[in-house]
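What follows is one structure encoded as structure tokens, with my remarks underneath.
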Amino acid sequence: MAGMLYLVPTPIGNLGDISIRCRETLEQVDFIAAEDTRVTLKLLNHLGIKKSLVSYYEHNKATKGNVILERILAGETCALVSDAGSPAISDPGEELVKQCADAGVTVCAIPGPCAVITALSISGQNTGRFCFEGFLSTAKKSRREHLEALNTETRTMVFYEAPHKLVSTLQDMAEVFGENRSISLCRELTKLHEEVVRTTLGQAIERYTQTPPKGEFVLVIAGAPEAPKTTATADDAAARVAELMAEGSSRKDAIRQTAKELNLPKNIVYDAALGIE
Ligand code: SAM
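Numbering-wise (numbering that gives the first Met the number 0), the sequence shown opens with residue 0 and increments by one.
Rendered as structure tokens:
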């Protein structure tokens, strides 16, 4: 008989959110691969389930993934769980799913608790189109590059963030998106102290500088307003860059200003300006 991998979401706070199907799957599989076996053991004890556990986390996933895959290929069924929420979403699992898919193993994802979706749905922001950006890097330069790349993003953006980095992240965001950009800070979702603060980046910085943030946060940020359509061409851009450079602007400043004035993406202006001395 062919084995199988089940992705089993677990509560992000409220234990009542475990579904009947998730519970039955945890009962029926041959073994559970868990991000932290101690955390999962507590959940299993709460559910009255006894099951063999193997650990599968960030720093052992390369070796443990092969062991788990071999057991599945030998016919066993495995449930993958993370500490909370949906496995493979900013949690271990992405690689295991790829490994199983590549090996022809059936993967079954059971729907359930997920902080992104819970936050997005309660945020009050536009939900029709959104992008999930996960955690920003801890390195200042790559955080900044990540945010800069989202400068013209018009979809609602969702980020995960730890409380001790919240204020500096909000400051970086305000520098890139502007202080007036609307944000919903979704804290301690499904828990006793659940709170959604719908405000602007500037006001959020003030609030959490005065009262240091506690708990888990998802940040849901409005996208940039749709840019008005432009009729400017690459030739127009090249002419304007040449004009600004002749007036003494550096190439970088001329490209930036031209992109802004003509409402063209910076890369188009950059390409158009190649060769201008
Ligand atoms: N895979 C999980 C999911 O999608 O639900 C997310 C795991 S990620 C390691 C943990 C992050 O999810 C936290 O830092 C926080 O940003 C967010 N998060 C998890 N539980 C939350 C909760 N109850 N309230 C708000 N944010 C939460």
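Cβ coordinates follow ideal geometry from the N, Cα and C atoms, glycine included.
What I want to know is whether the C-beta of residue i ends up closer than 8 Å to one or more non-hydrogen atoms of ligand 1.
i, result
"Lys279", "The shown model of the chain, from 0 to 276, leaves out residue 279, and the question about it has no answer."
"Ile11", "yes"
"Tyr159", "yes"
"Phe129", "no"
"Arg186", "yes"
"Glu215", "yes"
"Asp252", "no"
"Gly84", "yes"
"Pro112", "yes"
"Asp90", "yes"
"Ala32", "no"
"Val115", "yes"
"Ala258", "no"
"Ala78", "no"
"Ser54", "no"
Which residue wins for smallest C-alpha separation from residue i, given the options the options?
i, options, result
"Met244", "Gln256, Met156 and Asp234", "Gln256"
"Ala221", "Thr126, Ala231 and Lys251", "Thr126"
"Ala114", "Thr189, Ser18, Ile48 and Val196", "Thr189"
"Tyr207", "Ala233, Thr168 and Ala236", "Thr168"
"Ile254", "Val268, Lys49 and Leu261", "Val268"
"Asn150", "Met156, Val175, Val96 and Ser136", "Val175"
"Ser181", "Val195, Ala233 and Leu191", "Val195"
"Ser81", "Arg142, Cys21 and Cys185", "Cys21"
"Gly74", "Val96, Glu225 and Leu4", "Leu4"
"Ser120", "Thr229, Glu215 and Leu184", "Leu184"
"Gly111", "Glu132, Gly84, Val104 and Ala118", "Gly84"
"Lys213", "Asp235, Gly123, Glu160 and Leu273", "Glu160"
"Ala32", "Ser54, Ser122 and Leu43", "Ser54"
"Phe277", "Ala118, Ile11 and Thr232", "No information on residue 277 is available, as it lies outside the stretch 0 to 276 that the chain covers here."
"Glu26", "Asp270, Ile275 and Leu46", "Leu46"
"Leu278", "Ala61, Arg37, Thr24 and Gly247", "This structure cannot settle anything about residue 278, because the visible part of the chain is limited to 0 through 276."
"Ile11", "Glu260, Ile88 and Ala258", "Ile88"
Which residue or residues does DSSP assign as beta-bridge partners of residue i?
i, result
"Ile182", "Thr198 and Ile220"
"Ile31", "Leu52 and Ala78"
"Glu242", "Bridge partners of Glu242: none, in fact."
"Phe134", "Tyr159"
"Met3", "Thr76 and Thr105"
"Gly84", "Thr9"
"Phe129", "Thr155"
Using the beta-carbon count (16 or more within 10 Å), is residue i buried or exposed?
i, result
"Cys107", "exposed"
"Gln209", "exposed"
"Asp171", "buried"
"Cys77", "buried"
"Cys99", "buried"
"Lys97", "exposed"
"Thr39", "buried"
"Ser122", "buried"
Thinking residue i and residue j are a contact (beta carbons under 8 Å), I'd like their distance in whole angstroms, please.
i, j, result
"Tyr56", "Pro91", "5 Å"
"Glu94", "Gly133", "Not a contact, Cβ separation roughly 15 Å."
Kindly say whether residue i, judged by its beta-carbon, lies nearer than 9 Å to any beta-carbon of chain D.
i, result
"Val53", "In the structure shown, chain D does not exist; there is a single protein chain."
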